[in-house]
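Going by numbering that gives the first Met the number 0, the sequence shown opens with residue 0, and the numbers climb by one from there. Where is the CB? At the ideal position from N, CA and C, for every residue including glycine. Everything numeric in this text was worked out from a predicted model, so none of it was measured. A short worksheet on the structure shown next.
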Amino acid sequence: MAQEIAFQKCINPDCGATYGIAEIVHHCPKCGNLLDVAYDWNRAELPSDVRQLGAVDPAKVPGGMCRVSGVWRFGAMAPFAPADCRVTIGEGHTQLRPSPVVAGYAGLKNLWLQYEGLNPSGSFKDNGMAGAFTHARMVGAKVVACASTGNTSASMAAFAAASHALKAIIFIGDGKIAYGKLSQALDYGALTLLIKGDFDDAMARVQEVCGQEKIYLVNSVNPFRLEGQKTIMFRILEGLDWNVPDWIVCPGGNLGNSSALANAFIELHELGLLKKMPRIAVINSAGAPTLNNLVNQRGLKWNGGRVDDAIINKYYAELDAKNERAHTIASAIEINRPVNLKKCLRAIERTNGCVRAVSDQQIIDAKAWVAREGLGCEPASAASVAGTKMLVEEGVIDRDATVACVLTGHQLKDPHATVAYHSYDAAKLVETYGDYGIRTNQYGNRPVPVANDLGQIIDAIRAHAE
Ligand code: F0G
Numbered sequence: 000m001a002q003e004i005a006f007q008k009c010i011n012p013d014c015g016a017t018y019g020i021a022e023i024v025h026h027c028p029k030c031g032n033l034l035d036v037a038y039d040w041n042r043a044e045l046p047s048d049v050r051q052l053g054a055v056d057p058a059k060v061p062g063g064m065c066r067v068s069g070v071w072r073f074g075a076m077a078p079f080a081p082a083d084c085r086v087t088i089g090e091g092h093t094q095l096r097p098s099p100v101v102a103g104y105a106g107l108k109n110l111w112l113q114y115e116g117l118n119p120s121g122s123f124k125d126n127g128m129a130g131a132f133t134h135a136r137m138v139g140a141k142v143v144a145c146a147s148t149g150n151t152s153a154s155m156a157a158f159a160a161a162s163h164a165l166k167a168i169i170f171i172g173d174g175k176i177a178y179g180k181l182s183q184a185l186d187y188g189a190l191t192l193l194i195k196g197d198f199d200d201a202m203a204r205v206q207e208v209c210g211q212e213k214i215y216l217v218n219s220v221n222p223f224r225l226e227g228q229k230t231i232m233f234r235i236l237e238g239l240d241w242n243v244p245d246w247i248v249c250p251g252g253n254l255g256n257s258s259a260l261a262n263a264f265i266e267l268h269e270l271g272l273l274k275k276m277p278r279i280a281v282i283n284s285a286g287a288p289t290l291n292n293l294v295n296q297r298g299l300k301w302n303g304g305r306v307d308d309a310i311i312n313k314y315y316a317e318l319d320a321k322n323e324r325a326h327t328i329a330s331a332i333e334i335n336r337p338v339n340l341k342k343c344l345r346a347i348e349r350t351n352g353c354v355r356a357v358s359d360q361q362i363i364d365a366k367a368w369v370a371r372e373g374l375g376c377e378p379a380s381a382a383s384v385a386g387t388k389m390l391v392e393e394g395v396i397d398r399d400a401t402v403a404c405v406l407t408g409h410q411l412k413d414p415h416a417t418v419a420y421h422s423y424d425a426a427k428l429v430e431t432y433g434d435y436g437i438r439t440n441q442y443g444n445r446p447v448p449v450a451n452d453l454g455q456i457i458d459a460i461r462a463h464a465e
């Protein structure tokens, strides 16, 4: 039988088994590894010039597709669904902004912020969810589920509500979710299970439940999610007038994104639509440092697909023996067992990338600098800026380099962290966040209490005038 244009393919080069796109298999039934969505590009309709990518006439799109989804605008690079199956809630209308303020902080001349907080549910997860819900529709799913630190679940719940058909079930580690994200899950009407455990526990349980109950899993082990996440990179390219940046820097949690971001460039490069590849830096929080520890301390590599599983198994056995749990203020990436670890190793090898871990203090300080640009992000997103600063100081990123940091989630996702940083005095800060290693709020903007009195209000304003 002739191969379809799109299919699923095992990432293990020694296996390479393929499966149809209608099959729901997140791990290769033959060897247990993850799957990619792969394409026979010879049969795809592609532009001859990368500059034409994304140029769609809204008048020619069915129903306007939410004024042309920022994901499906680039549907040529994810041709797994017929146009009339594509699901959208108007995701991907995000922006790439040059940031002289954050560039100065990181020691660069040319730093750009890709602001994904503008997505309908406030995080970059909406890109991938458009892919997953499209596939869910193709296979006739009725119930969707995910484990989440909060953004995947908010996004899934929003798409499910907007579908007017799909039921959503969310697995959250109890107490392990920022307030804004929990409010979204509840408000969008998802069944929200607060599991006594953390994200890693919730992720293990949701995979068991979905297998047993035939529920459609939308976590990033689902490769159709990653197809949507690729489009963040196309929008960065578009924002740079199709010039490839030297570096893309992103936070690393469950590690689906780093792999999707790399794939976007690998595919364009292999198709001859780009001549250059960026390097990708994946930034862990030091409180959830599995990738950093495995790569930088234990020498774990993709190694052409021959990953040394013994290194990973030993690391996890040690975590279990010490009952060591991820613990970081960047709750979005509070993950010790990233399910897409191997795909991320591949992304690092193929882009000559690197991994770093930054402290929660570095994260929360960087977050305050991002906001000075007029773009608010949640703590995990600021890991990209903190990591950039670290890599510039180490001399890995050249000061003349063009760097794009992905700001993955909106500031309002986690208002507690922001208000605490700006308003707490040193003692209260240490009391509340000391166990994350946070000691100072040197870039804080303290609110000013003042009497309800005209004279005192004017005095307060004058005292703070520059
Ligand atoms: N930034 C934010 C704001 C996130 O929510 C996540 C992941 C990441 C970065 C890391 O991306 O997992 O692909 O490495 N959040 C997941 C969730 C885990 O459940 O919302 P990743």
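In this structure, ILE88 has its beta carbon at no less than 7 Å from each heavy atom of the ligand F0G. Proximity to LYS141 across THR407, LEU216, MET232 peaks at LEU216, based on C-alpha coordinates.
According to DSSP, residue pairing for LYS166 in a beta bridge involves VAL142.
In this structure, the beta-carbon distance from PRO57 to ARG66 falls below 8 Å. VAL70 is the residue among ALA43, VAL70, ARG42, ASN41 whose C-alpha sits nearest the C-alpha of VAL55.
Distances between the C-beta of GLY149 and the heavy atoms of the ligand F0G include at least one below 7 Å. At least one heavy atom of the ligand F0G lies less than 7 Å from the C-beta of SER380. A straight line joining the alpha-carbon of GLY436 with that of GLY394 spans about 26 Å.
For THR191, the shortest separation between its Cβ and any heavy atom of the ligand F0G does not lie below 7 Å. With a threshold of 7 Å, the Cβ atom of THR407 counts as near the ligand F0G, since some heavy atom of the ligand is closer than that. Two segments are said to touch when three or more pairs of C-beta atoms, one from each, lie closer than 8 Å; by this definition the stretch 384 to 401 touches the stretch 100 to 111. Under DSSP, the beta-bridge partners assigned to GLN113 are LEU95, VAL405. A residue is called buried once 16 or more other Cβ atoms fall within 10 Å of its Cβ, and PRO222 is buried on that count. Looking only at PHE73, GLY91, ASN218, the smallest Cα-Cα distance to ILE171 is reached by ASN218. For ALA54, there is no enclosing beta strand (DSSP E), as DSSP marks it with neither H nor E. Annotated three-state conformation of THR439 is coil, per DSSP. According to DSSP, residue pairing for THR17 in a beta bridge involves LYS8. Per the C-alpha coordinates, the member of VAL281, ILE311, HIS421 positioned closest to CYS404 is VAL281. Secondary structure of ARG224 (DSSP, three-state): helix. For GLY53, the closest of ARG297, MET232, ALA400 by C-alpha to C-alpha distance is MET232. Using a C-beta cut-off of 8 Å, the stretch 413 to 424 makes contact with the stretch 442 to 459, since at least three inter-stretch Cβ pairs fall below that distance. Residue pairing by DSSP places ASN283 opposite ALA356 in a beta bridge. Short note on ILE332: C-beta closer than 7 Å to some heavy atom of the ligand F0G. Across the structure, ALA161 and SER154 are spaced so that their CA atoms are roughly 11 Å apart. At the C-beta level, ALA356 and ALA263 stay beyond 8 Å of one another.
Looking at the DSSP output, CYS343 sits in no beta bridge, so it has no partner there.
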